[in-house]
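Residue numbers (this note's numbering): 790 to 894.
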C-alpha cells in the first residue's frame, strides 16, 4: 500500500499535469480559431497584392505607349525648323519619330 503523503503528492502531480493539458488544449483551440480567421484575410491580401502588381505593370505599359503619342508634339518645332545649326538635335528628333512609326506599325 502507498503511504498517504505519497499518494497525495502523486494526486497533486496528476492534477497539475491535467491542468496543464487543459490549458494547452484551450490554447491550441484558440490558435486554430485564429488561424481559421486569418487564412482568408491572408489569401485576400495576396490577391490584392497581385492585383496591385498587375495594375502597376499595366500603367507602366500604358506610359510607354503614351510616350510614343507625344513624339509628334515634342519634336514638331525642331523638325519644322530643319537641321540648320542644330543637326544633332534634328537627327535625334527624326530618330524618335522613326521609333514611334515603327512601334505603331
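Think of the CB as a built atom: it goes at the ideal place given N, C-alpha and C, for glycine as much as any other residue.
Under the three-state reduction of DSSP output, residue 874 falls in the coil class, being neither helix nor strand. Here the stretch 868–877 does not lie against the stretch 837–857, with fewer than 3 beta-carbon pairs under 8 angstroms apart. A straight-line Cα-Cα distance of about 53 angstroms links residue 808 and residue 844. In the displayed model, residue 853 falls within a helix according to three-state DSSP. When secondary structure is reduced to three states using DSSP, residue 793 falls in the helix class.
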